[in-house]
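Engineer: Going by the working numbering, the first residue of the sequence shown is number 153, and it counts up by one from there.
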Amino acid sequence: MKFLSQQMSITFKRINHFHICIPPEKLEDARNFYGDIIGLELIERPDHVFDSQGYWFNIGDAQLHLGVEEASPYTDRHTALEVTDILSARKHLETNGIEISPQHKVPGWERFSFLDPFGNRMELIQINECISAACSNEHQY
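(1) Please classify Phe209: is it buried, with 16 or more other beta-carbons within 10 angstroms of its beta-carbon, or exposed?
(2) Can you confirm whether the segment 206–221 touches the segment 257–265 when touching is taken to mean that 3 or more C-beta pairs between the two stretches lie within less than 8 Å?
(3) Whole-angstrom Cβ separation of His230 and Met274, contact assumed at under 8 Å?
(4) Given that a residue counts as buried once 16 or more other Cβ atoms are within 10 Å of its Cβ, and exposed if not, what is Leu239?
(5) To which residues does DSSP link Trp274 through a beta bridge?
Set out below in structure tokens:
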């Protein structure tokens, strides 16, 4: 595979979250394992945004997202990386022939996903900074 543009680079801030999938009938067992046994802090998940059940946990300065998934050729499993300029990152990837997939809207986040050349799903996120106290609740996710 040949890439067109190697001059621009994407500036990453941190890993935002890891998303793992659990069979639907095991979701509560997974919540108990990661929350009670491992000791991760259960945090609010914007359930209204998603079509399926799940839980989110704090893990250091990143998050662990648990979702449910039956066997399927498309997977929700992915790594999400926070970037400083989502539009430049998207343009850079598109210039290099990477197909971008839209994502459900999450309040306070601009995001998209793509498959790397080896079939791994990656998500890039830019968290919008709020100046007013009125939008501070958006950053609880």
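Glycine included, each C-beta is placed from N, C-alpha and C at the ideal position.
Structural biologist: On the basis of the coordinates in this document:
(1) buried
(2) no
(3) 6 Å
(4) exposed
(5) For clarity, residue 274 is Met in the given sequence; the question names Trp instead. Answer by DSSP bridge pairing, in chain order: Thr231, Phe266.
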